[in-house]
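Residues 635 to 716 in the numbering used here are what the sequence shown lists, from first letter to last. First comes the structure, then the notes that go with it.
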Amino acid sequence: MREFRTPEQQEESIRSAFKMLDKDGSGYIEWNEMKYILSSVPNTVPNIVPLVPLTDEEAEALIHVADTDGDGRIDFKGTLMC
635 MREFRTPEQQ EESIRSAFKM LDKDGSGYIE WNEMKYILSS VPNTVPNIVP LVPLTDEEAE
695 ALIHVADTDG DGRIDFKGTL MC
């Protein structure tokens, strides 16, 4: 059975994941962090087929999809809107 989580608990889970992805603690996930995150997944998650590293353009495209205010970065508030 699935555990019920309050909106506050859900937000805290998202905030915790965001902080883990925000490697430099800037409050934003930028293209270089996205590139690092997705390139290192096979090394940190068992049973994942190694990925081809992202190009700079691919990382920027991923950021663009989640960038809600057009500043070229993902911020926590924008993460909640996605």
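A virtual CB, placed ideally from N, CA and C, is assigned to each residue, including glycine.
Reference residue i; option with closest CA among the options
| i | options | result |
| --- | --- | --- |
| residue 696 | 637, 658, 647, 663 | 663 |
| residue 687 | 666, 653, 701 | 666 |
| residue 691 | 668, 709, 705 | 668 |
| residue 673 | 649, 647, 693, 660 | 693 |
| residue 710 | 643, 670, 660 | 660 |
Bounding residues of the alpha helix (DSSP H) (the contiguous stretch that carries residue i)
| i | result |
| --- | --- |
| residue 652 | 641-655 |
| residue 637 | Careful: residue 637 lies outside any alpha helix (DSSP H) and carries neither H nor E. |
| residue 690 | 690-700 |
Same chain only: Cβ atoms within 7 Å of residue i, ignoring 5 sequence neighbours per side
| i | result |
| --- | --- |
| residue 708 | 662, 663, 697, 700, 701 |
Close Cβ partners of residue i (< 8 Å) along its chain, the five nearest in sequence each way excluded
| i | result |
| --- | --- |
| residue 639 | 647 |
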